[in-house]
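What follows is a short report on a single structure.
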Amino acid sequence: MSQIVWIARHANRLDFVNPDWFLTAERRYDPPLSDDGMVQAQHLAKRLKKEKISHIFASPFLRTVQTANAVAEVLNLPIKLETGLSEWLNPVWMTEEPERLSTPALAKLFPRIDTSYTSRIAAKYPETHEKVRERSGQTARCLATEFFPEDILLVAHGASVLGGAMGLVGEIAKTEVKASLCSLVKVVREDPEWLLELKGDTSHLTHIEEVIRFA
């Protein structure tokens with residue numbers, strides 16, 4: 000059996016460009032994409048246009064949904080919101096559980112969201128580094144091996160991109176994968192093995208993050 004699991008990190012976020020946004024934001028741990036992040040998401044969509052992706056899954060945070068939506072528009076696919084791909088719910092970064100838009104509210108903004116989909120894996124605040132890797136790795140394995148054997152795209156965050164890759168290929172991903180903004184990981188299933196073919200590719204981008212931030 001052959002299968003490709005693509006794992007993309009969201010594009011640049013507004014609070015990385017304008018840190019003061021955080022001070023007055025209604026949902027301060029759920030920033031949207033920045034203007035250049037929207038461009039990055041379009042470049043990602045163009046990169047994936049010719050791939051035979053059958054399903055798109057996205058973390059339910061706004062920045063991941065926006066990134067996934069750019070790809071979904073090009074591929075003409077729905078978006079399945081998967082909590083297991085969520086941001087690392089790190090209490091050092093977040094003083095409380097992050098507030099997000101509800102699924103109905105997101106679906107109003109992004110009609111491609113499949114409201115009939117039920118998330119497979121939960122994410123619970125607060126999380127340790129080990130827990131986010133376990134949770135996102137379990138999510139990648141669950142989606143790819145139990146429910147969706149076709150080529151799929153997971154749109155996640157720095158820590159959950161790394162964790163998702165580790166869940167498929169093991170510890171090698173810990174040192175090999177570089178999950179910079181809007182980067183792309185490609186994992187290929189050739190039973191019984193998963194092979195890491197792209198380790199955080201950014202060749203589709205014009206501006207590349209020099210220092211990787213996992214927030």
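Those letters in the sequence shown? Residues 0 to 214, per numbering that gives the first Met the number 0, in order.
Think of the CB as a built atom: it goes at the ideal place given N, C-alpha and C, for glycine as much as any other residue.
Subject >> Helix, strand or coil at TRP87 [DSSP, three-state] >> reply: coil
Original post:
Between GLU50 and chain D, is there a C-beta pair that is closer than 8 Å?
Top reply: The structure shown contains no chain D; it is built from a single protein chain.
Original post:
GLY83: which of ARG99, GLY136, ASP34 and LEU32 sits nearest, CA to CA?
Top reply: GLY136
Original post:
Which term fits LYS198, buried or exposed, when burial requires 16 or more other beta carbons within 10 angstroms of its beta carbon?
Top reply: buried
Original post:
The beta strand (DSSP E) with GLY199 in it runs from where to where?
Top reply: 192-200
**OP:** May I ask which residues mark the beginning and end of the beta strand (DSSP E) holding VAL73?
**Re:** Premise fails: VAL73 lies in the alpha helix (DSSP H), 61-74, not in any beta strand (DSSP E).
**OP:** From the DSSP output, read off the bridge partner residues of LYS79.
**Re:** PHE56
**OP:** Report yes or no: do the region 17-30 and the region 63-78 share at least 3 C-beta pairs separated by less than 8 Å?
**Re:** no
Original post:
In whole angstroms, what separates the C-alpha of HIS42 from that of VAL64?
Top reply: 15 Å
Original post:
So which of ILE151, CYS141 and ILE207 has the shortest CA-CA distance to PRO77?
Top reply: ILE151
**OP:** Please classify VAL38: does DSSP put it in a helix, a strand, or coil?
**Re:** helix
Subject >> Segment contact, 8 Å Cβ cut-off, at least three pairs: the region 152-159 with the region 201-208 >> reply: no
Subject >> Segment contact flag, the region 25-37 with the region 96-110, C-beta cutoff 8 Å, min 3 pairs >> reply: yes
Original post:
Can you name, in chain order, every residue of its own chain whose Cβ lies under 8 Å from the Cβ of PHE146, other than the five neighbours on each side?
Top reply: ARG119
**OP:** Can you tell me the Cβ-Cβ gap for ILE52 and LYS79, rounded? I've got them flagged as a contact below 8 Å.
**Re:** The Cβ separation is near 12 Å, so there is no contact.
**OP:** Report whether the distance from the Cβ of GLN41 to the nearest heavy atom of the ligand FMN is below 7 Å.
**Re:** The model on display carries no ligand, and the ligand FMN is accordingly not part of it.
Subject >> Helix, strand or coil at SER118 according to DSSP, with G and I counted as helix >> reply: coil
Original post:
What's the call for VAL168, buried or exposed, on a 16-neighbour Cβ count within 10 Å?
Top reply: buried
**OP:** Excluding the 5 residues preceding and the 5 following PRO110 in the sequence, name in chain order all residues of the same chain whose CB lies nearer than 8 Å to its CB.
**Re:** none
Original post:
For the region 103-161, which segments carrying the alpha helix (DSSP H) assignment without a break, of at least 4 residues, lie completely within its bounds, in sequence order?
Top reply: 128-140
**OP:** Look at the alpha carbon of LEU88 and the alpha carbon of LEU32, and state the distance between them as a whole number of angstroms.
**Re:** 19 Å
**OP:** Taking 8 Å as the cut-off, decide whether the C-beta atoms of GLU175 and LEU195 are in contact.
**Re:** yes
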